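**Q**
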Amino acid sequence: MKKYLRSLLIATPVVAGLAFVSFKQDDRLFEIARNLDIYATLFKELNAYYVDEINPNQLIKTSIDGMLRSLDPYTVYYAEDDIEDYMTMTTGKYNGIGAMVNSADGKHTVMMVYEDTPAQKAGLQLGDEITKINGIDLSTREDFDTGKLLKGQTQTSVTLTIQRYGIPKPIEVTINRDIVKVTNVPYYGMISEDVGYIDLKDFTATASREVKTAFLELKGKGMKHLVLDLRDNPGGLLNMAIEISNIFIPKGEEVVTTKGKVKEWNKAYTAYNPALDIEIPIAVLTNGRSASAAEIVSGVIQDYDRGVLIGQRTYGKGLVQTTRDLSYNTKMKITTAKYYIPSGRCIQAIDYAHRNEDGSVGKLPDSLMTAFKTRNGRVVYDGGGILPDILTEKETYSPLALSLARNRLFFDYAMKYHFEHKTIKPAKEFHLTDSEYGDFVKWLSNKEYDYTTQVERDLNDLEASAKKEKSIDIIQDQLKGLRSKLAHSKDNDLQISKTEIKMILEEEILKHYYLEKGMREASFNDDQEVKEAIKLFKDNARYHEILKGTKK
């Protein structure tokens, strides 16, 4: 009897707890139903009485986007009209012409033509201004998406009326649409006698196949060391991160673990194929725009001491998204879990679940970061992205260079140069002469652009502080004198920043002749992370000491 009573006393709180949970769940469902009813009623009233006609699809999408944005940037709704963009993001393919068009200030300019695409085969050039699509004058159209007008079913055609630099009369170009494949590896090649380079820019469905193809081809050319460039890679499909990691780590090794609310979806993913190469020295390049799947790959390489990371700390996106089908051919990509790399660390840098009073979110403080260890015992940390083994300074540009780029003056001059010079040297050999740089400076003399130097910004801050503290009268004359002496001269700054400006201009010109590949080849001599990798490969002892944790 006592035993039964004791069991009953122990069990009673459990039953009560279950009842409480049930009540809370029912309460939550009631709140959802109540608010959905309020929303539907509100929308009907808007539709009936709002002073202007409303677009139901657009208004609903705006409200859904606002709701999802309050959670995190990666939980996204795709309306039926956006499904093609979603498919492009996941498969890396779309039906269209293969050109990037920028629409600004009423002009629609071709900024890039991709290799082996209908646009390139039809002769479309960088700088071409599209004025009509299938006879429709774009200057009479407002609030439309040029990209969607250029896309269409395979084997259909689109006729563009374009204005080309140096040719007074408009040109008509008819392009037959086809399947355009967005390349995950836009460039790979040998950057020295025995160092191969693979530039991985995305993780769509063909990423691992592209990396394997590039890797095997470079091995065939004598590659003894590999530079894997993950800079500016926003990530993509999780299975591609697993397969690419598997190229360099043995079968059976853990790559990533996901943990979320739905316990049945929690899973540890392992390398399921034999590796292509577990010995070749690797340098992985990262920066603050390397995210998600790119962080899984770089984290795996670091956690297994399989290679050395060079660059800046990665973005810190350790969240997993799952796509769910909704009604009427719509979809939602929803954050369902966090991922953990082999050392056990999660690299998610921002806590979206707990916001500040103003609704903003912040990065996790260093005090909350936890130490983990790589396979060789090196200490690494969670919560703030992946910290490289060799840190380099973030690339910065002078205010002058930024102003020239913002006003599209590099691009416009490259268009002029391309018209005036039908051929140039190969990308690796091309350089502007001092005389040609002088021509660029002369061309800029009547162009509109301005900028504020750092010293000028500091003076502005000093003046603002002096006004705030009521001491401006004391230093007014000195400030005026300093401004007079430090006022920037464009011609003078163009000579001071000549090396930087010339390098950017050369890359822009090469893009007009050789597209993305030419621009990339030209950049290696000035790429600090690439130079650091080549330097490291020449010092085999240092490479292995870093991986053993005996040298920084």
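Just so you know, we're using numbering that gives the first Met the number 0 here: the sequence shown kicks off at 0 and counts up by one. Using N, Cα and C, we set each Cβ at its ideal position, and we do this for glycine too. This one's a predicted model, so the numbers in the text were calculated from it and none came from an experiment.
(1) Can you list the alpha helix (DSSP H) stretches of 4 or more residues lying completely in the stretch 145 to 185, in chain order?
(2) Between which two residues does the beta strand (DSSP E) holding V379 run?
(3) Are G234 and F214 close, meaning C-beta to C-beta below 7 Å?
(4) May I ask you to verify whether the stretch 49 to 68 touches the stretch 299 to 308, counting CB pairs closer than 8 Å and requiring at least 3?
(5) Applying the 10 Å Cβ sphere with the 16-neighbour rule, what's the burial state of N375?
(6) Less than 7 Å separating the beta-carbons of Y573 and Y85?
(7) Between which two residues does the alpha helix (DSSP H) carrying H417 extend?
(8) Quickly, what does DSSP pair T391 with across the bridge? List them, please.
(9) Hey, how far is the Cα of Q119 from the Cα of S207?
(10) In whole angstroms, give me the CA-to-CA distance for D302 and Y187.
(11) Mind checking K537: buried by the 16 CB within 10 Å criterion, or exposed?
(12) By the DSSP assignment, the alpha helix (DSSP H) with K332 in it spans what residues?
(13) Work out the CA separation of V454 and K220 for me, nearest whole Å.
(14) So, for V181: in the same chain, excluding its five sequence neighbours on each side, which residues have a beta-carbon less than 6 Å away from its beta-carbon?
(15) Classify A18: buried if its beta carbon has 16 or more other beta carbons within 10 angstroms, exposed otherwise.
(16) At what residue ranges does the stretch 268 to 320 contain a whole run of the beta strand (DSSP E), taking only runs of 3 or more?
(17) Sort out for me which residues DSSP pairs N54 with in a bridge.
(18) With H, G and I counted as helix, E and B as strand and the rest as coil, what does DSSP make of K218?
(19) Per DSSP, what kind of secondary structure is F42 in: helix, strand or coil?
(20) In the DSSP assignment, find the beta strand (DSSP E) that holds E128 and state where it starts and stops.
(21) Taking Cβ to Cβ, would you say L390 is nearer than 7 Å to K501?
(22) Alpha carbon to alpha carbon, how far is L504 from I473?
(23) Mind checking whether L514 and E114 have CB atoms under 7 Å apart?
(24) Given that a residue counts as buried once 16 or more other Cβ atoms are within 10 Å of its Cβ, and exposed if not, what is Y271?
(25) Round the Cβ separation of I96 and V157 to the nearest angstrom and send it over; I've been treating them as touching at under 8 Å.
(26) Do K337 and G317 have their CB atoms nearer than 7 Å?
(27) Do you know offhand how far V20's Cα is from K260's?
(28) By Cβ distance below 7 Å, which residues in the same chain neighbour G548 in space, the five residues on each side in sequence not counted?
(29) In terms of DSSP beta bridges, what is I349 paired with?
(30) Nearest-angstrom Cα distance between D276 and I295?
(31) Drop a sphere of 10 angstroms on the beta-carbon of R27, count the other beta-carbons inside from all chains shown, and report buried for 16 or more, exposed for fewer.
(32) In its own chain, which residues sit with a C-beta less than 7 Å from the C-beta of K169, not counting the 5 before and 5 after it?
(33) Considering only their Cβ atoms, is the gap separating D198 from D177 smaller than 7 Å?
(34) Just to confirm the assignment, what range does the beta strand (DSSP E) spanning M94 have?
(35) Between P167 and Y542, which are expected to be in contact by the criterion C-beta below 8 Å, what is the C-beta distance as a whole number of angstroms?
(36) Assuming P249 and A274 make a contact with CB atoms under 8 Å, what is their CB distance in whole Å?
**A** Quick look at the numbers:
(1) 145 to 149
(2) Taking the first residue of the sequence shown as position 1, residue 379 is located at position 380. Counting along the chain, the beta strand (DSSP E) containing V379 begins and ends at V378 to Y380.
(3) Counting from one through the sequence shown, the residue named residue 234 turns up at place 235. Counting from one through the sequence shown, the residue named residue 214 turns up at place 215. No, the pair does not count as a contact, with Cβ atoms beyond the cut-off.
(4) no
(5) Taking the first residue of the sequence shown as position 1, residue 375 is located at position 376. Counting Cβ neighbours within 10 Å, N375 comes out exposed, since fewer than 16 surround it.
(6) This structure gives no information on residue 573, because the portion of the chain shown stretches from 0 to 551.
(7) Residue numbering aside, residue 417 sits at position 418 when the sequence shown is read from its first letter. L408 to E419 is the extent of the alpha helix (DSSP H) around H417.
(8) Locating residue 391 in the sequence shown gives position 392, where the first residue counts as 1. According to DSSP, which records beta bridges pairwise, T391 is partnered with nothing at all.
(9) In the sequence shown, residue 119 corresponds to position 120, counting from 1. In the sequence shown, residue 207 corresponds to position 208, counting from 1. Going from the Cα of Q119 to the Cα of S207 covers about 26 Å.
(10) Position 303 of the sequence shown, counted from the first residue, corresponds to residue 302. Position 188 of the sequence shown, counted from the first residue, corresponds to residue 187. Cα to Cα, D302 sits roughly 25 Å from Y187.
(11) As a working note, residue 537 is residue 538 in the sequence shown. Exposed: under 16 other Cβ atoms inside 10 Å.
(12) By one-based count along the sequence shown, residue 332 stands at place 333. From DSSP, K332 is part of no alpha helix (DSSP H) but of the beta strand (DSSP E) over K330 to Y339.
(13) Position 221 of the sequence shown holds residue 220. Position 455 of the sequence shown holds residue 454. Spanning the two alpha carbons is a distance of roughly 50 Å.
(14) Locating residue 181 in the sequence shown gives position 182, counting from the first residue. Same-chain partners within the cutoff: G91.
(15) Here residue 18 refers to the residue found at position 19 when the sequence shown is read from its first residue. In this prediction, A18 has a pLDDT of 46, which is less than 50 and means its spatial position is unreliable; what the coordinates show is noted afterwards. When all chains shown are included, A18 counts as exposed.
(16) 281 to 285 and 307 to 310
(17) One-based indexing of the sequence shown puts residue 54 at position 55. According to DSSP, N54 bridges with nothing at all.
(18) As a working mapping, residue 218 is identified with position 219 in the sequence shown. Of the three classes helix, strand and coil, the one that applies to K218 here is helix, per DSSP.
(19) Counting from one through the sequence shown, the residue named residue 42 turns up at place 43. In the structure shown, F42 sits in a helix (DSSP, three-state: H, G or I).
(20) Translated into positions along the sequence shown, residue 128 becomes position 129. Looking at the DSSP string, the run of the beta strand (DSSP E) that includes E128 is E128 to I132.
(21) As a position in the sequence shown, residue 390 is number 391, starting the count at 1. As a position in the sequence shown, residue 501 is number 502, starting the count at 1. Contact flag unset, no.
(22) Here residue 504 refers to the residue found at position 505 when the sequence shown is read from its first residue. Here residue 473 refers to the residue found at position 474 when the sequence shown is read from its first residue. Going from the Cα of L504 to the Cα of I473 covers about 45 Å.
(23) Position 515 of the sequence shown, counted from the first residue, corresponds to residue 514. Position 115 of the sequence shown, counted from the first residue, corresponds to residue 114. Taking 7 Å as the Cβ cut-off, L514 and E114 qualify as a contacting pair.
(24) In the sequence shown, residue 271 corresponds to position 272, counting from 1. Classification of Y271: exposed, given that the 10 Å Cβ count is below 16.
(25) As a working note, residue 96 is residue 97 in the sequence shown. As a working note, residue 157 is residue 158 in the sequence shown. Yes, I96 and V157 are in contact; Cβ-Cβ is about 7 Å, under 8 Å.
(26) Position 338 of the sequence shown, counting from 1, holds the residue named residue 337. Position 318 of the sequence shown, counting from 1, holds the residue named residue 317. Yes, these two residues count as a Cβ contact at 7 Å.
(27) Numbered from its first residue, the sequence shown carries residue 20 at position 21. Numbered from its first residue, the sequence shown carries residue 260 at position 261. Confidence in V20 is poor, its pLDDT being 48 and thus under 50, which makes the residue's placement too unreliable to answer from.
(28) Stepping through the sequence shown from its first residue, residue 548 is reached at position 549. Closer than 7 Å at Cβ, skipping near neighbours: N375, G376 and R377.
(29) Within the sequence shown, residue 349 is the residue found at index 350, counting from 1. I349 is bridged to K362.
(30) Here residue 276 is taken as the residue at index 277 of the sequence shown, counted from 1. Here residue 295 is taken as the residue at index 296 of the sequence shown, counted from 1. Computed Cα separation, rounded: 18 Å.
(31) Numbered from its first residue, the sequence shown carries residue 27 at position 28. Exposed: under 16 other Cβ atoms inside 10 Å.
(32) Counting from one through the sequence shown, the residue named residue 169 turns up at place 170. According to the sequence as given, residue 169 is Pro; it is not Lys. So the list reads T130, T160, I161 and Q162, once near-sequence residues are dropped.
(33) Residue mapping note: residue 177 aligns to position 178 of the sequence shown, counting from 1. Residue mapping note: residue 198 aligns to position 199 of the sequence shown, counting from 1. Going by C-beta atoms, D177 is not nearer than 7 Å to D198.
(34) Position 95 of the sequence shown, counted from the first residue, corresponds to residue 94. Sequence check: residue 94 is Asn here, not Met. Counting along the chain, the beta strand (DSSP E) containing N94 begins and ends at K92 to G95.
(35) Counting from 1 along the sequence shown, the entry for residue 167 is found at position 168. Counting from 1 along the sequence shown, the entry for residue 542 is found at position 543. Incorrect: roughly 59 Å between the Cβ atoms, too far for contact.
(36) The residue labelled residue 249 in the question sits at position 250 within the sequence shown. The residue labelled residue 274 in the question sits at position 275 within the sequence shown. Rounded, the Cβ-Cβ distance is 5 Å, consistent with contact.
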